[in-house]
Amino acid sequence: MTVLALDFETANERRDSACAVGLAWIEGDRVVRRESRLIRPPEMRFSPGNIRVHGILPADVRDAPTFPEAMAEFLPDLAQGLILAHNATFDIGVLRASLAAYGLPTPALAYLCTVRIARQVFPDPEGCGLGKVARRLGIRFQHHDAGEDAYACAEIALAAVRALDAGSVLGLTHALAMPATAVPAAPPPYGARPDGVTGRAVAAARAARGSAAPKEIAFTIRGSTGNRYAVRSEPRVTGLYLRCSCQAGRNGRRCRHVDAILDGDVTDLLSDNHADVERLRRLIEAAPDGHRILPERLRRAA
Ligand SMILES: [Zn+2]
């Protein structure tokens, strides 16, 4: 039986907003294969808290495959194998919600949660978060990188196998009297829900049509010293320009506040208009040639 660890990072609080996946396959007593992929979530809305955790920006995943594209090569192993995940209800939830968001069926799954395993085999007052268990066991990895997290999860399971002399991960389920949790197959969801991908694509298309004559878009950004700066779009005959109220912007230079908006980095965005970041990007993409807000143009502009 294939045994593999799975870890997702998400763009926001929604379970169907995966932006990265990591997998680590176990054979015998070791990890034999590791993979990770970036994923373009159906809605390009990244929450500052999520960006702080994984460091992935909208700009990083704009050209990445969608969830079904990225997962196609891994789904057979996930469906036939035993999945390990640290706090598994989250990762299994992401897998199911994302397939459902694309109108796809969920295969039957079986999983084991390594948090539950760690609580029994490596209990400690400081808790059993991935970073903490890994540190106690001397597993070296880069926390919050999906590929690295999946690897650490697999190594925690292997450490438990060794600690209990269980022989294998399957043997661990017997040693701990902890059977794998079975998730029955689910048919594709019926119709396009208003908050599903199709529904949101329709809403986005309508919003894009409505913004043919763009009004000003304005953002408030927190500078590195805590000052607030205003980044505003200025429609001109030659195209759209972004102007920032910081010293560099007032002197007509490109600044990191404008860069952040163009990268979709909302970490320091104080104004409550995350959606405008993506709206601005669509305007830039839709602009006819010569009227694009390209970095060079911006540098010359202002
Ligand atoms: Zn600035």
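Counting in the numbering used here, the sequence shown runs from 532 upward without gaps.
Even for Gly, the Cβ is constructed at its ideal location relative to N, Cα and C.
Since this is a predicted model, take the numbers as computed values, not measurements.
For Ser-776, name the three-state secondary structure that DSSP assigns. Position 245 of the sequence shown holds residue 776. Three-state DSSP puts Ser-776 in coil, outside helix and strand.
What is the rounded straight-line gap between the Cα of Arg-650 and the Cα of Ala-595? Numbered from its first residue, the sequence shown carries residue 650 at position 119. Numbered from its first residue, the sequence shown carries residue 595 at position 64. One C-alpha to the other measures close to 36 Å.
Is Gly-780 near ligand 3 - that is, is its Cβ less than 7 Å away from at least one heavy atom of it? What this structure holds is ligand 1, not ligand 3.
Can we count Val-789 as close to ligand 1, meaning its CB is less than 7 Å from some heavy atom? Along the sequence shown, one-based indexing puts residue 789 at 258. Under cutoff, so the answer is yes.
For Arg-583 and Gly-678, I'd like the C-alpha separation in whole angstroms. Locating residue 583 in the sequence shown gives position 52, counting from the first residue. Locating residue 678 in the sequence shown gives position 147, counting from the first residue. Distance between the alpha carbons of Arg-583 and Gly-678 is about 17 Å.
Hey, would you say the C-beta of Cys-786 is under 7 Å away from at least one heavy atom of ligand 1? On the sequence shown, residue 786 is found 255 positions in, with the first residue counted as 1. True, at least one ligand heavy atom lies under 7 Å from that Cβ.
Go through its chain and collect everything with a Cβ distance to His-585's Cβ below 8 Å, but skip five positions before and after it. The residue labelled residue 585 in the question sits at position 54 within the sequence shown. Excluding sequence neighbours, His-585 sits near Glu-540, Cys-550, Ala-551, His-675, Asp-676 and Ala-677.
Count the CB pairs spanning the stretch 698 to 708 and the stretch 631 to 639 that are closer than 8 Å, and state whether there are at least three. no
Cβ contact check for the stretch 797 to 810 and the stretch 749 to 761: 3 or more pairs under 8 Å: yes
Of the listed residues Glu-686, Arg-647, Pro-718 and Thr-645, nearest to Gly-669 (C-alpha basis): By one-based count along the sequence shown, residue 669 stands at place 138. For the residues Glu-686, Arg-647, Pro-718 and Thr-645, the minimum Cα distance to Gly-669 belongs to Glu-686.
Can you tell me where the beta strand (DSSP E) with Phe-539 in it begins and where it stops? Locating residue 539 in the sequence shown gives position 8, where the first residue counts as 1. It spans 534 to 541 - the beta strand (DSSP E) in which Phe-539 sits, taken as one unbroken run.
Using the Cα positions of Asp-608 and Ile-792, report the straight-line distance between them to the nearest angstrom. Taking the sequence shown and counting its residues from 1, one reaches residue 608 at position 77. Taking the sequence shown and counting its residues from 1, one reaches residue 792 at position 261. About 39 Å.
Quick one: what's got a C-beta closer than 8 Å to Arg-759's C-beta in the same chain, skipping five residues either side? The sequence position of residue 759 within the sequence shown is 228, counting from 1. Excluding sequence neighbours, Arg-759 sits near Thr-751, Ile-752, Arg-753 and Leu-801.
With DSSP run on the structure shown, which of helix, strand or coil describes Ile-792? Numbered from its first residue, the sequence shown carries residue 792 at position 261. Looking at Ile-792 - three-state DSSP - the assignment turns out to be helix.
So, with DSSP's three-state summary, where would you put Tyr-682? Within the sequence shown, residue 682 is the residue found at index 151, counting from 1. It is helical.
Count the other CB atoms, across all protein chains shown, that sit within 10 Å of the CB of Thr-756; report buried if there are 16 or more and exposed otherwise. Counting from 1 along the sequence shown, the entry for residue 756 is found at position 225. Exposed, since its Cβ has fewer than 16 Cβ neighbours within 10 Å.
For a test of the three-state rule: what should DSSP assign to Cys-550, helix, strand or coil? The residue labelled residue 550 in the question sits at position 19 within the sequence shown. Correct three-state label for Cys-550: strand.
Between the CA atoms of Glu-600 and Leu-773 - distance to the nearest angstrom: As a working note, residue 773 is residue 242 in the sequence shown. As a working note, residue 600 is residue 69 in the sequence shown. Their Cα atoms are separated by approximately 34 Å.
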